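All remarks here apply to the structure that follows.
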Amino acid sequence: MKNWKENPYIRLMRLDKPIGTFLLLWPTLWALWLASAGNPDPFILSVFVAGVFLMRAAGCVINDFADRKVDGKVERTKNRPLITEEVSSKQALALFVTLVLAAFGLVLMLDWNTIALSVVALLLAVIYPFMKRYTHLPQVFLGAAFGWAIPMVYMASSGHIPVEAWLLFMANILWVLSYDTMYAMVDREDDIKAGIKSTAVWFGKYIPFWTSLFQVFFIVLMFQVGLMTFQGMYYYIAILIALILGAYQQKLIQLGQREFYFKAFLNNNILGAVIFLGLFLDYALHS
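Numbering-wise (this note's numbering), the sequence shown opens with residue 48 and increments by one.
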């Protein structure tokens, strides 16, 4: 297992660190269950779950390619494969293209409207890593990239994209804004020196205020989605637990240390899983 994790291509795709995959997977599963009223088509489910793994890996590769000239200046990223030259830039781009083509091959098995939406997903995946050069809000682009599977899921499942889908998409952007700001705080000082922009750099001492605000509006939108889709007790219990987990994350980041920012970030995997469990139980026990 140690050798498997040390493989430079595995590290480049972050297969040894699946947290990002889960954070991309949870909103995709929320959408799959909501769009199908708790009964997702097994084929569509398989396509999107596989797509999550492929596109997250592709996103990590293109992110490291975009950051190959600055990652060496950041303590956490100085040993990434492109920095240590274990993988060349050409090899990284070839891997990115391979992963994207594999994901596109999956989408080609769906309807044409979903295929058209997948082009937006690719554009978001490509442009996000470069946004930290031009704006302090790259997390917005990350949220859009992580959430674009939501309208795709609805289109593939029901042939249209209702208002609830766009509310879920907006909620996901707010969630990403919160947790990725916490994540960016781990590298904040190094990012400032390297000239990398982020919400963590921009918000400064007001990070607790902004991240808590994003969390509150995320919960409000998720509550509204629940009302629009006639969710039951288990869903709202899950939303309440998500609110409590958000408060716990705020307590962690108040400590003002890198390890606690990272711990707060990781806690969002539990938050996403809890909301999915609430959805799953609501549909399973009331079908």
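Beta carbons are placed, not taken as given, at the ideal position from N, Cα and C, and that holds for glycine.
Values in this document were obtained by computation on a predicted structure and should not be read as measured data.
6 Å CB neighbourhood of M275 in its chain, flanking five on each side removed: E211, listed in sequence order.
For the structure I just gave you, are there three or more beta carbon pairs, one from the segment 315-327 and one from the segment 297-306, closer than 8 Å? Counting C-beta pairs with one atom in each stretch, the segment 315-327 and the segment 297-306 have fewer than three that are closer than 8 Å, which means they do not touch.
Just the C-alpha distance for M48 and D63, rounded to the nearest angstrom, thanks. Below a pLDDT of 50, predicted positions are generally treated as unreliable, and M48, at 47, falls in that range; the measurement from the model is reported next regardless. Roughly 10 Å between the two C-alpha positions.
Cβ pair count under 8 Å reaching 3, the segment 229-238 against the segment 198-210: With the rule of 3 Cβ pairs closer than 8 Å, the segment 229-238 does not count as touching the segment 198-210.
Spatial neighbours of D118 within its chain, please: CB distance less than 8 Å, with the 5 preceding and 5 following residues excluded, ordered by chain position. Excluding positions up to five away in sequence, the list reads D111, T124, K125, R127, L129, I130.
Pair every Cβ in the segment 290-300 with every Cβ in the segment 241-253, then say whether three or more of these pairs are closer than 8 Å. No, they do not touch.
Compute the Euclidean distance between the alpha carbons of W80 and Y226, then round it to the nearest angstrom. Going from the Cα of W80 to the Cα of Y226 covers about 23 Å.
Using the Cβ count rule (16 or more neighbours within 10 Å means buried), how would you classify V272? V272 counts as buried, since no fewer than 16 other beta carbons sit within 10 angstroms of its beta carbon.
Identify, in the order they occur along the chain, each residue of the same chain with its Cβ nearer than 6 Å to the Cβ of R58, setting aside the five sequence neighbours on each side. For R58, where only same-chain residues beyond five positions count, the Cβ hits under 6 Å are P128.
Taking the alpha-carbon positions, what's the W249 to F309 distance? Taking the straight line from one Cα to the other gives about 18 Å.
So for K310, helix, strand or coil by DSSP? When secondary structure is reduced to three states using DSSP, K310 falls in the helix class.
Measure the C-alpha to C-alpha separation of F327 and G85 and round it to an integer number of angstroms. Their backbone Cα atoms lie some 7 Å apart in a straight line.
Considering only the beta carbon of each residue, do A196 and V267 sit closer than 9 Å? No; because the gap between Cβ atoms is not below 9 Å, this pair is not in contact.
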